[in-house]
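*Asks:* I'd like to ask you about the structure that follows.
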């Protein structure tokens, strides 16, 4: 490089044209030839460098060495007596104890965080190793120093291999993984803070095995802990084997589970007999439109399960299920823009379960939720949410039937209201009114198993919230 | 791109001049035209690329997608009997219990960490969303595995929106935020490890509302927790509304607070009556010079408060204040270079408070601290610190009056001694001698409320420290 | 920039050659001169930019502002009765309590993580400040939410200064540091999950003092905590002074330690008399070949220690050592490729110690381990491990002698099997058979000091593992 620079420098000092000798045509031609050669050289260098810069940028954008991703919400929730609200949240109703959510807007008091630190290692042959670490925390206190209350913990730590050159056929585009993780294909109804299906734990598996042109399947084994058997000096583990199929826009997911040591009776949860086994299935349709009637998205489906599979959302995570437990759940939700100003996101979820915790218990609930957004400017929108839940709960000894209602209005700031329901961060103020049937006030599903169960208390409360929510 | 490259390649193969046909003037001219066009094209490409590279660099420098920032100190503190020192630190005196600091150099035994993980999302229109997560920890143990002692916790988790295109007028340059955070405009006297004002908690607010050419104001609401009321099943929250004004170099900050359920008596803190309300004000002058007499910086001001506002530093964080509590605090500090070798940083803080925890208690203290640095080379300096504190403490039942003295000398390594008092990291060895009036040995402000209060013990101790301190 | 662009634009509009006026030779020459000047200018800009891009890339590669580094393993361990395995791991034998490891493959049930967040600050003069933070966690549970079990903690937090321009002579290439850290020159036998030497704690030191051409030395002081003396209100600290020499391929490391307050008797560990002092030495040879007979690597050496130095691996970390404790340890391990398919990694470690915890106790153990890998494709290999440990244990009151055996076979996926034993991540399935002499079943070294000591239980077990292991 130095030699070349020197050459140019010397060349610049030489007389290229002078008064004392008129140039000949040949001289000029030679100079043109020289210039052309240099220009070509320079053009090449320029193009190579542009390519290199673009490659580096693409690498940095698409597959950076390091990624920081997260979800967080944090804020204040104040009741009408300007006291901190307690006991509120999307699982605040009596049916919340068995996983029945209501609309979340304006009800959340927790400061919750998921921080993901991701390392990618990519070989030139395209093989990629991805390491994923998630730290998470959730506290209610508004204070900044939370060492006492801290729940900071490692929720995910796993590695994935993708694009292995020796994988071929059905496995050509497969991703293999092992460690502790949330399953990649979990999905949620954000407005209710409820996953439709939440498979998580420690294990190993493979994604995207191509069984036919239109059929991809995932296979996995996850382990979970239910606690420990003191007499045996061993943990109670639950092993979940799952096959998850994506056939066009349909999803069909089967899970079977086995927990050898779970058929015990603990003081805290006197199941008639706790389940050792479980079966679980999910059928879902992922539409690219709002129920075929408008642009947008919608997802609809059903979950069924028995035994340990009767916990329909968090597959295999509940060891207190009865041997005979049976449950079925329906869900549907979607989002669409009505016009330039208004967007709507209805959501529905309902479940029927029986012999769930004790023989002869029976639980029915259904939640309907609508979130609406009304854009006023590029950065400001009003968000509205109405939520209703019907409950018919019978824990085999006492029962209660009734309804829960919530209405929320939330002035909201965001970077771009046009970007839709799922653009974050949102900074919001929210006012909510919540009420419910008085029959439900003192009812608790766990009355038989928990000496001091939490109940809904009295309804008819106004709540004020200041909150940020973000993901990236 | 490929077609163009091919064209050039073919062009390079064509005879541009040959022996069998002399070029005409027109040929030459045509070739010059061609070269010129190509050169212009190349110049443009070069300039565009330079612009792109510069933009990417600027983006990476000024507003990177991810930022890692932190503060940490870690080291050993050994006493003259080569034992681990305990009970030392900037709040080691009897008055430390009510927030009276002394000079920190050579007294700190804790391994303290603040690690910030920041995500920026910037739109092309300049609107920016900033997510801020802070993890913090503080332990005394010198061991590496600290799971038992760990205080690791989430101290901040918030989102900010800046540069919203629809904000105009006084709000044109405003930043809005919500979540859990340290207020942006907190500032400290580093040498005493004491914030002048430390407003923190969970809430929402807006910065930099331009009320006139020279007047910016911040508005915020912060919530804090004082604990829980078991009988009521509710948390005791304190809500703090603040207006913080920057008028030229003056700062005027008003805070009012309201904690509805705090007027209770706990076994641990029998206040005459705990306060439900509080008022707090800060007046400060931020000078761009060392008290107008030398280049450097200095800050001087006063804080006053009553009720819950009588905790003057950590606004609204102390629920154990008496209904009648009153407090006033003065502070001043600055830094300047005396010459190429010596720099000086004097600091002063004093407080008078009464009816603070119990009726008729009365506390006076004043701390004077001087830190000096003497640069020997680009990387080595001697740092000296002298600290004095006067205390006149009356907890309404017993009283003590006396003084605390400390002298420290600290050989210090750093990247650049010329960069001043606030350049970090510093790796330091420190020897300190601390002593105090024997009257203070067994005195504790909390004698009435804490059955086994910590006391200062005997003075006259030499301490040896090995420590790193950094921020970035 | 804009003016220049405009100039070019205008120039492009001007007629550079036309039909109505034939150009002269001088015209052409002038145009060639112009073109040449512009080309030279452009060439320079191109070269400068290439240099700049290369510099930025080099900075990003070699000394990035931020680095994320880590180690993690996570997976399931299931026994032949499809229960979660407990009590397994490289320290599962009776001698594990005094630090005797066996081969780790297929035995680990923990989800263990080390996440390092590193900040580099580099001055133009080459001086560099490096901040290092390590978070670590280790839990057994397979669940994702581990707040209850979490051991998340800060294991390292330190700063280093390198390349200080005022350092010269022997210190010219020295690195100085202070804070909490793992010593830089610790090294391990990965296959046994055992450091050969693990020096860690809080302190300060200097690396790479060049004592002669072939001799580099490190000096450091580390503090560690053994617990607290309640009567004295003081922590029991142990201070370790170390000189660590690298002379060619030889390493000679001396450590002396002093723990003034450790000569006490606690209920949990009735040492005849606990040690106040300790001496420790390591002699090691780091070979660039597999014992001189094949390409690869190998390390061989000896450790000896007395008093507090009798904990040979984790220097100065065990406060329960007897005043008369003496120990000696031998180790050797290496890795080499046998051919394109097979690689081998033998490892050996043995220790003799006496008067270790109580007077007249005596412990001998020796472990031999072989790991073999057999590459089948670029991404798949079979890994085999055989492990044997001999134990002759006498805790001064009861004794046991016997052997432990393990055989493991592990089908393994990785990015590149050709990259050798230390390339990660590895995703592995493993089947192991472990057995031991029945004499050892109920033996525990700590029988005299721990009322309910853990024992090996019965041998003859088959274990199944699904695991990822990574570092980067």
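Residue numbers (the UniProt record's numbering), protein chains in the order written: chain A, 1 to 472; chain B, 1 to 472; chain C, 1 to 472.
Every residue, glycine too, gets a C-beta built ideally from N, C-alpha and C.
1) Taking all protein chains shown into account, do 16 or more other C-beta atoms lie within 10 angstroms of the C-beta of residue 295/A, making it buried, or fewer, making it exposed?
2) Which term fits residue 32/B, buried or exposed, when burial requires 16 or more other beta carbons within 10 angstroms of its beta carbon?
3) Please classify residue 167/B: is it buried, with 16 or more other beta-carbons within 10 angstroms of its beta-carbon, or exposed?
4) Closer than 9 Å, CB to CB, is residue 260/A near chain C or not?
5) DSSP state of residue 459/B, grouped into three classes?
6) Could you name the residues of chain B that residue 75/A contacts, counting a contact when the two beta carbons are closer than 8 Å?
7) Run the CB neighbour count on residue 313/B, radius 10 Å, all protein chains shown included, and call it buried at 16 or more, exposed below.
8) Under 6 Å Cβ to Cβ from residue 202/A, same chain only, skipping five residues before and after it: list those, please.
9) Kindly indicate which residue of 439/C, 124/C and 342/C has the alpha-carbon position closest to the one of residue 417/C.
10) For residue 379/B, does the three-state DSSP call read helix, strand or coil?
11) What do you get for residue 283/A, buried or exposed, if any count of 16 or more other CB atoms within 10 angstroms of its CB means buried?
12) Buried or exposed for residue 478/B, please, with buried defined as at least 16 other CB atoms from any protein chain shown within 10 angstroms of its CB.
13) Can you confirm whether the stretch 113 to 121 of chain B touches the stretch 58 to 70 of chain B when touching is taken to mean that 3 or more C-beta pairs between the two stretches lie within less than 8 Å?
14) Closer than 9 Å, CB to CB, is residue 497/C near chain B or not?
15) Residue 144/B: buried (16+ other C-beta within 10 angstroms of its C-beta) or exposed?
16) Label residue 248/A either buried or exposed according to how many other C-beta atoms from any shown protein chain fall within 10 Å of its C-beta, with 16 as the threshold for buried.
17) If we count Cβ pairs, one from each stretch, closer than 8 Å, do we get three or more for the stretch 121 to 128 of chain B versus the stretch 336 to 354 of chain B?
18) Tell me which same chain residues have a C-beta within less than 8 Å of the C-beta of residue 11/A, skipping the five on either side of it?
19) Which residues in chain C have a C-beta closer than 8 Å to the C-beta of residue 40/A? List them in chain order.
20) I need the straight-line Cα distance from residue 431/C to residue 86/C, nearest angstrom please.
21) For residue 528/B versus residue 366/B, is the C-beta spacing smaller than 9 Å?
22) Could you tell me which of 359/C, 379/C and 369/C sits nearest to residue 389/C, measuring between CA atoms?
23) Locate the alpha helix (DSSP H) running through residue 519/C, then write down its first and last residues.
24) Go through its chain and collect everything with a Cβ distance to residue 444/B's Cβ below 6 Å, but skip five positions before and after it.
25) Note down, in chain order, every chain A residue with its Cβ under 8 Å from the Cβ of residue 25/C.
26) Counting only Cβ pairs nearer than 7 Å, list the residues of chain A close to residue 151/B.
27) Please work out which residues of its chain come closer than 8 Å, Cβ to Cβ, to residue 88/C, disregarding the five sequence neighbours upstream and downstream, and give them in chain order.
28) Excluding sequence positions up to five away, which residues of its chain have a Cβ less than 6 Å from the Cβ of residue 383/B?
29) Going along the chain, which residues of its own chain have a beta-carbon closer than 6 Å to the beta-carbon of residue 267/B, five neighbours each way excluded?
30) Residue 40/C by DSSP, collapsed to three states: which one?
31) Can a CB atom of chain E be found closer than 9 Å to the CB of residue 395/C?
32) One question on the structure: do residue 311/C and residue 84/B come within less than 9 Å of each other, judged by their Cβ atoms?
33) Can you tell me whether residue 414/B is buried or exposed? The criterion is at least 16 other CB atoms within 10 Å of its CB, across all chains shown.
34) Can you pull the chain C residues whose beta carbon is under 7 Å from the beta carbon of residue 159/A, in chain order?
35) For residue 213/B, which option in 186/B, 263/B and 169/B has the closest C-alpha, if you only look at C-alpha atoms?
36) Taking Cβ positions only, does residue 560/C come closer than 9 Å to chain A?
*Replies:* Let's see:
1) Residue 295/A counts as exposed, since fewer than 16 other beta carbons sit within 10 angstroms of its beta carbon.
2) Residue 32/B is buried by the Cβ-count criterion.
3) Buried, since its Cβ has 16 or more Cβ neighbours within 10 Å.
4) So yes, residue 260/A belongs to the interface.
5) Residue 459/B: coil per DSSP, three-state reduction.
6) Those within 8 Å of residue 75/A in chain B are 178, 179, 202, 203 and 204.
7) Of the other Cβ atoms in all chains shown, 16 or more fall within 10 Å of the Cβ of residue 313/B; this residue is therefore buried.
8) Correct list, in chain order: 180 and 223.
9) It is 342/C whose Cα lies nearest to the Cα of residue 417/C.
10) The answer is coil: DSSP assigns residue 379/B none of H, G, I, E or B.
11) Burial call: exposed.
12) Outside the shown range of chain B, which is 1 to 472, sits residue 478/B, and nothing can be said about it.
13) Short answer: they touch.
14) No statement about residue 497/C is possible, as the shown extent of chain C runs from 1 to 472 and does not include it.
15) Residue 144/B counts as buried, since at least 16 other C-beta atoms from the protein chains shown sit within 10 angstroms of its C-beta.
16) Classification for residue 248/A: exposed.
17) The stretch 121 to 128 of chain B makes no contact with the stretch 336 to 354 of chain B; the number of CB pairs closer than 8 Å stays below 3.
18) Unreliable placement is indicated for residue 11/A, whose pLDDT of 45 sits below 50; the coordinate value is still reported in the next sentence. By the criterion of a C-beta distance shorter than 8 Å, residue 11/A is surrounded by no residue of its chain, once the five residues flanking it on both sides are discounted.
19) Annotation: residue 40/A has no Cβ neighbours in chain C at a cutoff of 8 Å; minimum Cβ distance is about 11 Å.
20) If you take the alpha carbons of residue 431/C and residue 86/C, they lie about 16 Å apart.
21) Chain B is shown only over 1 to 472; residue 528/B falls outside these bounds and no answer can be derived.
22) Relative to the Cα of residue 389/C, the nearest Cα in the group 359/C, 379/C and 369/C belongs to 369/C.
23) This structure cannot speak to residue 519/C, because chain C is shown only from 1 to 472.
24) Closer than 6 Å at the Cβ level, and outside the excluded window around residue 444/B, lie 453 and 455.
25) Contact note: residue 25/C reaches chain A through 22, 23, 25 and 28, using a C-beta cutoff of 8 Å and chain order.
26) In chain order: 147.
27) 77, 107, 108, 109, 434 and 463, listed in sequence order.
28) Closer than 6 Å at the Cβ level, and outside the excluded window around residue 383/B, lie 373, 410 and 412.
29) Residue confidence is low: residue 267/B scores 46 on pLDDT, short of 50, so the model does not pin down where it sits. Its coordinate-derived value is still stated next. Contacts found: none.
30) Looking at residue 40/C - three-state DSSP - the assignment turns out to be helix.
31) Given the protein chain composition of this structure (A, B and C), no chain E is represented.
32) Against a cut-off of 9 Å, the Cβ pair of residue 84/B and residue 311/C comes out as no contact.
33) The residue in question, residue 414/B, is buried, as its Cβ has 16 or more Cβ neighbours within 10 Å.
34) Among the residues of chain C, those whose CB is under 7 Å from the CB of residue 159/A are 425, 427, 468 and 470, following chain order.
35) Checked all of 186/B, 263/B and 169/B; the closest Cα to residue 213/B is 169/B.
36) Shown here, chain C extends from 1 to 472; a query on residue 560/C therefore has no answer.
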